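Here is the structure we will look at.
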Amino acid sequence: MNFDLTQEHNMIRKTIREFSDEVVAPGAIERDKTKAFPKEIFKQLADMGMMGLPFSEEYGGSGADTVSFAIVTEELSRACASTGITYSAHISLGGAPLNLFGTEEQKQKYLVPVCTGESFGAFGLTEPNAGSDAGGTQTTAKVDGNDFVINGNKAFITNASYAKHLALTAITDVKDGKKEISAIIVPTDSEGFSIIDNYEKMGLNASNTTELVLENVRVPQENLLGEKGNGFKQFLVTLDGGRIGIGAMAVGIAQAAFDRALRYSKERKQFGKTLSEFQVTQFKLADMAMKIELARTMVHKAAWLKDQGRAFGKEASMCKLYASEIAMEVADQAIQIHGGYGYMKEYEVERYMRDAKLLEIGEGTSEVQRMVIARHIGC
Ligand SMILES: Cc1cc2nc3c(=O)[nH]c(=O)nc-3n(C[C@H](O)[C@H](O)[C@H](O)COP(=O)(O)OP(=O)(O)OC[C@H]3O[C@@H](n4cnc5c(N)ncnc54)[C@H](O)[C@@H]3O)c2cc1C
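At position 118 of the sequence shown the residue is numbered 149 (the working numbering), and the sequence of numbers has no breaks.
Below, the structure is given as C-alpha cells:
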C-alpha cells in the first residue's frame, strides 16, 4: 500500500497552489461582494491546460487522472470556492458526460471546446419540482421529423450563462405509464432557450447559477447523448464522479478555514497569552486537522478507485458526505476561534461557512448520500 502522491501529482499540486495563491485568492473577497464571475482566471486556467485536465489529449484535454482533478479542485477552492465549483462543474458535470457517453462526432464538436475552455461545461438535471427525486423530471423532448422539440424548466444550473451547449435530461417517451428519460445536448443559443441569472445566493457568489427556460427548443435527434432512455442511468454515473469534485471542494474550503484559524490563534492575545496557548484552542485545531486529513484521504481513495476502473460509487458518496459535513464544522470552529472578528467579512472565515453549506446540498443532499451509502452496504 502506498499513500504517497506521484511526482506528477505533486507537480500539479505545486503549480495550482502557486496559481491559487497568486491569482485566485487576491480577488476572492471582492468577487464575493460584486458577484463578478472569474472569467479571466479561467482564461489562464485554459492556457495552463486545466480546463480539460482529465480528458484525452485527442480532444484537447491533458490526459491526467481523477486524483489530479481532485487536487486542482481542492487548491482552487481553498483560495475561492466560487472558482472551485465553476471548475468542478465544468469538468465533472459538463465534460464528463460528453466524454463518457458521446459519439466520436459529438466529442469532437462538444467536448473539444470544453477542454480548450472555449465553452464552459454545464449539466441540466434539476428542475423546480425535481431535485432529490431527479426522476420526477417534467421537461419533455418530443420527436418531430428529424428533431426533438424541448419544453420545460431547469433550476440551479451551474455555468450555463458561459456554456455554448449543455446536456440536459428530458422525457422522450412514456411507456406503460413509465417515463423514458434521455440526455440531449442543447446549444445555449438555440431559439426559445432562455438562461436567467438572477438568483440571490447565500454563498458561492461569484459562481454562475441559472434557471433555464426551454420553449419549443428544436435540436436535431443526433444530439441525443448516449442511448435513448438511458438518461437516468447516465446522470447517476455522472453524479458519482461529480461527488469526488464536491468532496475535493469541501477539503479545500476546510483547509482554508483551518489555515486562517491556526494563524489567528497565534496572533491574538487574551489574558496575556495567545489563543494557541490555551489547550481548548489547541484541541479545536487538532480536531479540525484530523477531520481534514480523513476527508482528503477519502477523496483521494474515491478518485484512485475511479482511476483504477473499479467501482467507486459508495466511496464517492462517503467522501462527499463526510467532507462537506466537516467543511461546515471546520468553518464554524474557525469563526469561533476568530470571535467577533470571525463574524466580519474581511476575515474571510464567514465566507467559508456560507460557501461550504452548498456542499451539503448540491449533487445529492447529505440525506441522499446516506440513502446511496445505505443501498451500497446492503440495507
Ligand atoms: C448553487 C447550486 C448549484 C447547483 N448546480 C446544479 C447543476 O449544475 N446542475 C443540476 O442539475 N443541479 C444543480 N443544483 C441542484 C442541486 O443538485 C439540488 O438543489 C439538490 O439535488 C437538492 O434538490 P432540491 O433543491 O430540489 O431539494 P429537495 O429534493 O426538495 O430536498 C429538500 C430536503 O428534503 C430532503 N429529502 C428529499 N427527499 C428525501 C427523502 N426521500 N428522504 C429524506 N430526505 C429527503 C433533502 O435531503 C433536503 O434536505 C445546484 C444547486 C445549487 C443550490
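Backbone N, C-alpha and C fix where the C-beta goes; we use that ideal spot for every residue, glycine too. Bear in mind the structure is a predicted one, so any value in this text is a computation, not a measurement.
Among all the DSSP beta bridges, which residues are the ones paired with residue i?
i           : result
residue 155 : 199
residue 179 : 174, 250
residue 228 : Bridge partners of residue 228: none, in fact.
residue 324 : In DSSP, residue 324 forms no bridge with anything.
residue 242 : 227
residue 205 : 210
residue 1   : What the structure shows of the chain is the stretch from 32 to 410, and residue 1 is not part of that stretch, so it cannot be assessed.
residue 184 : 244
residue 255 : 215
residue 301 : 304
residue 189 : 240
residue 161 : 158
Any heavy atom of ligand 1 closer than 7 Å to the beta-carbon of residue i?
i           : result
residue 164 : yes
residue 187 : yes
residue 343 : no
residue 155 : yes
residue 235 : yes
residue 183 : no
residue 368 : no
residue 232 : yes
residue 262 : no
residue 403 : no
residue 167 : no
residue 392 : yes
residue 240 : yes
residue 256 : no
residue 120 : yes
residue 145 : no
residue 244 : no
residue 396 : yes
residue 217 : no
residue 399 : yes
residue 124 : yes
residue 389 : yes
Taking Cβ to Cβ, would you say residue i is nearer than 8 Å to residue j?
i           : j           : result
residue 270 : residue 112 : no
residue 180 : residue 249 : yes
residue 388 : residue 349 : no
residue 97  : residue 277 : no
residue 166 : residue 212 : yes
residue 239 : residue 295 : no
residue 203 : residue 226 : no
residue 288 : residue 362 : yes
residue 44  : residue 89  : no
residue 198 : residue 256 : yes
residue 351 : residue 310 : no
residue 245 : residue 224 : yes
residue 210 : residue 170 : no
residue 201 : residue 215 : yes
residue 52  : residue 110 : yes
residue 326 : residue 285 : yes
residue 252 : residue 178 : yes
residue 233 : residue 62  : no
residue 380 : residue 299 : no
residue 77  : residue 272 : no
residue 57  : residue 114 : no
residue 305 : residue 297 : yes
residue 103 : residue 47  : yes
residue 396 : residue 163 : yes
residue 334 : residue 95  : no
Could you tell me whether any non-hydrogen atom of ligand 3 is closer than 7 Å to the CB of residue i?
i           : result
residue 114 : Ligand 3 is not part of the structure shown, which contains ligand 1 as its ligands.
Are the segment 173 to 188 and the segment 144 to 163 in contact at 8 Å, needing three or more beta carbon pairs? yes
Hey, is the segment 350 to 370 in contact with the segment 267 to 281, meaning 3+ C-beta pairs nearer than 8 Å? yes
With three or more beta-carbon pairs closer than 8 Å as the criterion, would you say the segment 125 to 144 touches the segment 71 to 86? yes
Given 8 Å, three or more beta-carbon pairs between the segment 358 to 372 and the segment 130 to 141: no
Okay, do the segment 389 to 407 and the segment 331 to 348 touch, 3+ Cβ pairs below 8 Å being the bar? At 8 Å Cβ cutoff, the stretches touch.
Quick check: the segment 117 to 128 against the segment 188 to 208, are at least 3 beta-carbon pairs closer than 8 Å? Short answer: they touch.
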